[in-house]
Structure formats: C-alpha cells, structure tokens
Amino acid sequence: FAYVRWGNPTVKALEEKAAALEGGESAIALASGMAAVSALIFTFLKSGEHLIAGDVCYAATQELFGKHLRRFGVEVSLVNPTDADSVARAIRKNTKLIYIETPANPILRLADISRLPL
C-alpha cells in the first residue's frame, strides 16, 4: 500500500476479524477512542435530536458533549447510568442515542446496561 488513507491491508484484516468475532456484517477501525466516539455521534445525531450520556466519562468526551454538540443543535442530558430510572426519565421523543461508558473513565464506575431502558 502506498498511502494509509487509501486503505491498509493490516487494518482491513483487523476490521474483518472484529466483525467476525462480533457476528457483525462489517466493522471499522479508527486511530483513537475519540475518533470512534466522534464517528458514532456525528453519524447518528443531527440538529434537533437528543443524546443521553453518562455523567462520568472521558474528559474529551465530556467536552464534546458539553460544549461542541450544543453548537450543532444537539440536546444533551447527563445522567447517572447506575440509576436506570434516571435514564428512563431522561428519554424524550427526540432521543436518538444513549451513550454510556462502563467502566466509566476515570473512576471506573460500573453501570449494569442490561437494566437500562434500551
């Protein structure tokens, strides 16, 4: 390969293996966690929609949710994901995504995502 943006056989192999392991149709490998979070957020959310996020998460993710998404017209509600009722109360008609880190960075708080209203 000549240029990584045009493809990379090692990355392609990783994506294929990840998809197979997870039983998925496909997968993408990105250069960082924030690249993955940003790809997720900007793929599934648009102006006028609502995001529910855990109140504890990686600092750069908090900045994205607390500062930048509002500039794009995305509403954000921060909740304690260990309290399933607080997550349920935050759901609105325009809620499109629930983002929970577990264990949550940096305090390693665990949320039982099987109890959340997903």
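Numbering-wise (our numbering), the sequence shown opens with residue 257 and increments by one.
Positions of the beta carbon are idealized from the N, C-alpha and C atoms, including for glycine.
Bear in mind the structure is a predicted one, so any value in this text is a computation, not a measurement.
| said: For S388 and A346, which I take to be in contact (beta-carbon distance under 8 Å), what is that distance rounded to the nearest angstrom? | reply: What the structure shows of the chain is the stretch from 257 to 374, and residue 388 is not part of that stretch, so it cannot be assessed.
| said: Please state the DSSP three-state secondary structure of I347. | reply: Residue numbering aside, residue 347 sits at position 91 when the sequence shown is read from its first letter. In this structure, I347 counts as coil in the three-state DSSP scheme.
| query | Is F300 buried or exposed, if buried means 16 or more other CB atoms sit within 10 Å of its CB? | reply | Translated into positions along the sequence shown, residue 300 becomes position 44. Answer is exposed; the Cβ neighbour count stays below 16.
| said: So if DSSP puts Y247 in a beta bridge, which residue, or which two residues, is it bridged to? | reply: What is shown of the chain runs 257 to 374, which leaves residue 247 out entirely.
| request: Give the range of the alpha helix (DSSP H) segment to which S294 is assigned. | output: If you number the sequence shown from 1, residue 294 lands on position 38. S294 -> alpha helix (DSSP H) spans G289 to F300.
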